[in-house]
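Trainee:
In this note's numbering, the protein residues as written are 5 to 421.
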């Protein structure tokens with residue numbers, strides 16, 4: 005479609021050897037390894053493990069080059085060029101972070117890229133990003149730096165997936181004409197590529213382009229498993245989504261702010277016991293122990309050292325959406341009861357995607373810790389012994405409430421737990 009254009013093929017690094025073999029069998033030879041020319045960044049062991057484990061789940065990368073494993077260029081005798089870009093995680097993470105459209109079997113931004121010759125600037129001031137923008141501006145593309153409400157452009161801040169109504173699906177065999185382009189093929193059952201979902205975000209404080217939030221949550225087998233898991237636990241008590249009105253909250257709970265100088269508890273109105281709620285979502289990000297050496301802890305700053313777990317919804321899950329609303333109303337209930345602002349887990353929304361981040365301290369002030377709840381701090385949580393030093397001072401303790409637990413749920417018929 006564009007004269008003298010080459011073909012960019014994106015592949016997970018685990019599949020790169022197979023692609024290399026296929027290219028050589030079809031007459032392509034390795035011409036250059038561009039990896040050492042600044043095209044890739046090596047990940048440390050923890051980051052690499054995360055990328056590998058989330059290859060079929062969720063991976064959000066702010067800086068695209070941190071996801072690149074290698075860049076190699078292949079030529080054949082006819083002068084055709086194929087560039088192979090290998091990724092540590094999902095290849096789509098790299099594609100959506102670049103300046104250009106993905107054009108192989110699908111074109112994600114056909115109206116913008118092909119008809120209007122418009123692109124949107126990707127956030128970044130490094131030389132690779134600057135050169136990429138300049139290259140496409142020199143070729144005649146106009147760069148936008150903010151979202152657009154133009155009906156015919158496809159750069160708006162909406163949830164997208166491969167093969168949606170903005171995409172073109174282009175067959176890869178035979179001689180093609182524009183009549184071969186398929187617009188909006190809705191089925192995602194036979195093509196796993198269509199399971200990729202993303203959204204462009206434009207920070208309003210800076211007029212410097214976009215970054216992409218990417219998640220693989222739409223794959224039908226994954227949705228099926230998620231539904232089976234939720235069905236196992238949906239009938240357990242204290243579902244957060246079951247208290248979605250101010251009246252329901254006021255009737256079922258009371259606020260206990262007298263037993264602690266630091267914490268406000270939601271307690272059962274009948275028993276007076278602290279309540280623990282349930283909310284079902286997908287873990288997209290965690291900030292949990294171990295505490296690394298770079299985190300300098302002191303008795304002054306320890307109260308601000310927290311651990312977090314972020315959950316996201318699968319599409320527009322109504323139960324998750326209601327839980328987010330309940331959190332807001334629960335905060336209002338707490339603030340009305342104590343007459344002061346209350347810090348609580350927060351819920352945010354991007355389009356139809358919901359996120360809830362749960363926040364918890366790593367240690368509990370000693371005067372607020374019940375003796376029966378104090379447990380031994382695992383050495384694996386604190387390899388630098390930063391937390392241990394604060395505990396030894398006697399001002400903080402490690403309690404059951406500071407320990408985030410993960411339990412495995414079996415789905416086979418023999419084990420119904």
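The beta-carbon is built from N, C-alpha and C at its ideal position, and this holds for glycine as well.
1. Sort 329, 387, 93, 295 by Cα distance to residue 20 and report the nearest one.
2. Are the CB atoms of residue 283 and residue 315 nearer to each other than 8 Å?
3. When DSSP labels each residue in this structure, what does residue 269 get in the three-state scheme?
4. Tell me the DSSP secondary structure of residue 73 in three-state form.
5. Buried or exposed, going by whether 16 or more other CB atoms sit within 10 Å of the CB of residue 386?
6. Rank 148, 381, 9, 74 by C-alpha distance to the C-alpha of residue 405 and give the top, closest one.
7. Whose C-alpha, out of 82, 133, 85, 365, is nearest the C-alpha of residue 98?
8. Check this for me: beta carbons of residue 330 and residue 248, under 8 Å apart or not?
9. Compare the Cα-Cα distances from residue 310 to each of 379, 366, 141 and report the closest residue.
10. Where residue 11 and residue 236 are concerned, what is the direct C-alpha to C-alpha distance, given to the nearest angstrom?
11. Determine the direct distance from the alpha carbon of residue 226 to that of residue 361, and round the result to whole angstroms.
12. Just curious, the beta strand (DSSP E) that residue 257 is in, first and last residue?
13. Using only the alpha-carbon positions, how far apart do residue 143 and residue 31 sit?
14. Going by alpha carbons, who is nearest to residue 359 out of 281, 326, 168, 253?
15. What do you reckon, are the CB atoms on residue 166 and residue 90 nearer than 8 Å?
16. With 16 as the cutoff for other CB atoms within 10 Å, does residue 114 come out buried or exposed?
17. Can you give me the C-alpha to C-alpha distance between residue 336 and residue 87, rounded to a whole angstrom?
18. Hey, out of 39, 390, 147, whose CA is closest to residue 76's CA?
19. Return the first residue and the last residue of the alpha helix (DSSP H) that residue 125 is part of.
20. Run through DSSP, which three-state label would residue 230 get?
21. Determine the contact status of residue 253 and residue 333, defining contact as a CB-CB distance below 8 Å.
22. Does DSSP put residue 241 in a helix, a strand or coil?
23. Under 6 Å Cβ to Cβ from residue 171, same chain only, skipping five residues before and after it: list those, please.
24. Taking 8 Å as the limit between beta carbons, can you name the residues of its chain near residue 4, skipping five residues before and five after?
25. With the cut-off set at 8 Å, would you say residue 318 and residue 287 are in Cβ contact?
26. Please determine, among 242, 390, 401, the residue with the shortest C-alpha to C-alpha distance to residue 270.
27. On the DSSP letters alone, give me the boundaries of the alpha helix (DSSP H) that residue 339 sits inside.
28. Under three-state DSSP, which class holds residue 166?
Mentor: Reading it off the structure:
1. Mapped onto the chain shown, residue 20 falls at position 16. If we check each option's Cα against that of residue 20, 93 comes out closest.
2. The count along the chain shown starts at 1 and reaches residue 283 at position 279. The count along the chain shown starts at 1 and reaches residue 315 at position 311. Yes; because the gap between Cβ atoms is below 8 Å, this pair is in contact.
3. The count along the chain shown starts at 1 and reaches residue 269 at position 265. Strand.
4. On the chain shown, position 69 is the one that residue 73 refers to. The answer is strand: DSSP assigns residue 73 an E or B state.
5. In the chain shown, the residue the question calls residue 386 occupies position 382. That one is buried.
6. Position 401 of the chain shown, counted from the first residue, corresponds to residue 405. Among 148, 381, 9, 74, the Cα nearest to that of residue 405 belongs to 381.
7. In the chain shown, the residue the question calls residue 98 occupies position 94. Looking at the Cα atoms, 133 is the closest of the given residues.
8. To locate residue 330, count along the chain shown from 1; it is residue 326. To locate residue 248, count along the chain shown from 1; it is residue 244. Yes. Within cutoff.
9. Your numbering for residue 310 matches position 306 in the chain shown. Here the closest residue by C-alpha is 366.
10. Here residue 11 corresponds to residue number 7 of the chain shown, with the count starting at 1. Here residue 236 corresponds to residue number 232 of the chain shown, with the count starting at 1. So the alpha carbons of these two residues sit roughly 47 Å apart.
11. Within the chain shown, numbered from 1, the residue matching residue 361 stands at position 357. Within the chain shown, numbered from 1, the residue matching residue 226 stands at position 222. Cα to Cα, residue 361 sits roughly 22 Å from residue 226.
12. Here residue 257 refers to the residue found at position 253 of the chain shown. Where residue 257 is concerned, the enclosing beta strand (DSSP E) stretches over 257-260.
13. Numbered from 1 along the chain shown, position 139 holds the residue referred to as residue 143. Numbered from 1 along the chain shown, position 27 holds the residue referred to as residue 31. Each residue's Cα considered, the two are about 30 Å apart.
14. Residue numbering aside, residue 359 sits at position 355 when the chain shown is read from its first letter. Comparing Cα positions, the closest option is 326.
15. Here residue 166 refers to the residue found at position 162 of the chain shown. Here residue 90 refers to the residue found at position 86 of the chain shown. In this structure, the beta-carbon distance from residue 166 to residue 90 does not fall below 8 Å.
16. One-based indexing of the chain shown puts residue 114 at position 110. Flag for residue 114 reads buried.
17. To locate residue 336, count along the chain shown from 1; it is residue 332. To locate residue 87, count along the chain shown from 1; it is residue 83. Rounded to the nearest angstrom, the two C-alpha atoms are 55 Å apart.
18. Taking the first residue of the chain shown as position 1, residue 76 is located at position 72. The shortest C-alpha separation from residue 76 is found at 39.
19. Here residue 125 corresponds to residue number 121 of the chain shown, with the count starting at 1. Here residue 125 belongs to no alpha helix (DSSP H), and DSSP marks it neither H nor E.
20. One-based indexing of the chain shown puts residue 230 at position 226. In the structure shown, residue 230 sits in a helix (DSSP, three-state: H, G or I).
21. For this step, residue 253 is matched to residue 249 along the chain shown. For this step, residue 333 is matched to residue 329 along the chain shown. In contact: residue 253 and residue 333 (Cβ atoms closer than 8 Å).
22. Residue numbering aside, residue 241 sits at position 237 when the chain shown is read from its first letter. For residue 241, the three-state secondary structure derived from DSSP is coil.
23. For the purposes of this step, residue 171 is taken as the residue at position 167 of the chain shown. If we look at residue 171 and ignore the five residues flanking it on each side, its Cβ neighbours are 110, 112.
24. Nothing can be reported for residue 4, as the shown portion of the chain is limited to 5 through 421.
25. Indexing the chain shown from 1 puts residue 318 at position 314. Indexing the chain shown from 1 puts residue 287 at position 283. For residue 318 and residue 287, no; Cβs fall outside 8 Å.
26. For the purposes of this step, residue 270 is identified with residue 266 of the chain shown, where counting begins at 1. The candidate whose alpha carbon is nearest that of residue 270 is 242.
27. The sequence position of residue 339 within the chain shown is 335, counting from 1. Counted as a single uninterrupted DSSP element, the alpha helix (DSSP H) harbouring residue 339 occupies residues 322-342.
28. Here residue 166 refers to the residue found at position 162 of the chain shown. Coil.
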